[in-house]
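Using this note's numbering, the first residue of the sequence shown is number 2, and each one after it goes up by one. Backbone N, C-alpha and C fix where the C-beta goes; we use that ideal spot for every residue, glycine too. Let me begin by presenting the structure, written as structure tokens, before commenting on it.
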Amino acid sequence: MIKNLWYGILDSNELKGSRPIGVTRLNEKLVIWRNTNGSVSCIADKCCHRGAALSAGKVQNDHVLCPFHGFAYDASGKVVLIPANGKAAAISERYKVNAYKAVDKYGLIWLWSGDIKDETPEIPFFKELREGFSYGGFKEVWNVHYTRAVENQLDVVHLPFVHTDSIGRGNRTVVNGPVVEWEDNLMTFYVDNVVDDAKIIAKKASDIPNYKNLFSLQLQMPNMWQNIISDKIRIVAVFAPIDDKHTMLYLRFYQSFMKVPGLKQLVNSLSKISNKHILHQDRHVVLTQVPKKTEFIMGENLIPGDAPILQFRKRRAFLKGEIPNR
């Protein structure tokens, strides 16, 4: 995984009340809980004493208690009470587990993938969706590495073949460009797919005029994607890495045109029908891809229409320190 970035890993509604939950994210077993002030704590889900899952325990005074012998852990991962030794007993520094910085914001639980520090970058949620929009959505597990799931949403070539009865209608098989731009770790790509009349050849990205007037999509590194349908309608996907072979995918429909309570929730809920249909068309193919994880250098022969995918692979390799920025 890429270090020193914020990953969206859970829907905020999955963390209810004071009970801890156990999840696997970024190849780590984690226990996450809410404190009395509403903040979120996250540490390794394995007691340093005898290896029991802390998520099977409970939260008391903002500490998670091991269900086996009552060891109490604070948000820094340190054991602050060993009941068998007595409340007044000193506790060695070796009684601790790894801790992770976690934040609840914009309806998601975010995990910082690097070292815990006082100052971390701003949560990288799409700025235009932070206010004025409501949403509805769903989640599901895909049996692939998160890179495969992300790249499917960057693939503008597959639309007329995979989505013949939905977003790929019109048989626009020729892919002009696409044009790809970066602003820090935010990729925007502009799509210009057209019908093949047997007389045209796909244009290079540099030959597309006024490309900013085209349909566009965005990827916020490392794991969040946005389909900009209109100023008032967006589709957002969060690809929460579980391990090298599994991804939890959160798909949301955001809208700002319906404000009336009740009707707003109805519109957001109905969006699930079409979004699931389209997503499952993708899933049917993506789950067959091998290998399940992608890298910058691998045995695939990409074409110009795959530019967003190639750019994602390059940026990911750069952020991992594998290649210089280019």
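Roughly how many angstroms lie between the CA atoms of V59 and F72, to the nearest whole one? The sequence as given places Lys at residue 59; Val does not occur at that position. Distance between the alpha carbons of K59 and F72 is about 11 Å.
May I have the straight-line CA-CA distance separating R191 from N214, to the nearest angstrom? Looking at the sequence provided, one finds Tyr at residue 191 rather than Arg. Between Y191 and N214, the C-alpha separation is close to 8 Å.
Cβ-based neighbour list, A45, same chain, cut-off 6 Å, excluding 5 preceding and 5 following: V98, N99
Taking the beta strand (DSSP E) that V192 belongs to, which residues open and close that run? Bounds of the beta strand (DSSP E) holding V192 are 187 to 195.
Residue environment, D119, which counts as buried when at least 16 other CB atoms sit within 10 Å: Answer is exposed; the Cβ neighbour count stays below 16.
Which ranges would you report for the beta strand (DSSP E) in the segment 145 to 219 if only whole runs of at least 3 residues count? 175 to 184, 187 to 195
What do you get for Q282, buried or exposed, if any count of 16 or more other CB atoms within 10 angstroms of its CB means buried? buried
Report buried or exposed for V291, applying the criterion of at least 16 other Cβ atoms within 10 angstroms of its Cβ. Around the beta carbon of V291, a 10 Å sphere encloses fewer than 16 other beta carbons of the protein chains shown; the residue is thus reported as exposed.
Bridge-paired residues (DSSP) for Q61: H64
Buried or exposed for N153, please, with buried defined as at least 16 other CB atoms from any protein chain shown within 10 angstroms of its CB. buried
Does the segment 123 to 142 touch the segment 299 to 318, meaning 3 or more C-beta pairs lie closer than 8 Å? no
For H247, three-class secondary structure by DSSP: strand
Assign L271 to buried or exposed, taking buried as 16 or more other Cβ atoms, counted over all protein chains shown, within 10 Å of its Cβ. exposed
Determine the burial state of I201: buried for a count of at least 16 other Cβ atoms within 10 Å of its Cβ, exposed for fewer. exposed
DSSP three-state call for N224: helix, strand or coil? coil
Under a Cβ-count criterion, where at least 16 other Cβ atoms within 10 Å of its own Cβ denotes burial, should V145 be classed as buried or exposed? buried
How should L66 be labelled, buried or exposed, when 16 other C-beta atoms within 10 angstroms of its C-beta is the threshold for buried? buried
What's the C-alpha gap between N28 and P242? The straight-line gap from Cα to Cα measures roughly 8 Å.
T289 versus A150, L250, N177, residue with shortest Cα-Cα distance: A150
Around the C-beta of R26, are 16 or more other C-beta atoms found within 10 angstroms, so that it is buried, or is it exposed? Under this definition R26 is a buried residue.
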